[in-house]
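> In my numbering, the protein residues as written are 19 to 84. Glycine included, C-beta positions come from ideal geometry on N, C-alpha and C.
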């Protein structure tokens with residue numbers, strides 16, 4: 019069995035790694051959106067052409083619309 023002090027230290031290490039990975043993921047998402055916007059003019063951040071985006075309805079209103 020792992021001693022409590024060692025387990026706490028490992029948990030802190032894992033949490034720090036998780037935080038770092040989440041920061042990297044956020045940065046990757048920002049960069050991807052910037053590249054998409056730069057190379058595909060006329061698209062929304064999701065990559066769907068503006069002309070194909072619905073103007074009303076549940077998709078246009080977003081997930082919080084119920």
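Rounded to a whole number of angstroms, what is the C-alpha to C-alpha distance between residue 33 and residue 41?
12 Å
> Which same chain residues, not among the five before or five after residue 52, have their C-beta less than 8 Å away from its C-beta?
none
> Which of helix, strand or coil does DSSP assign to residue 21?
coil
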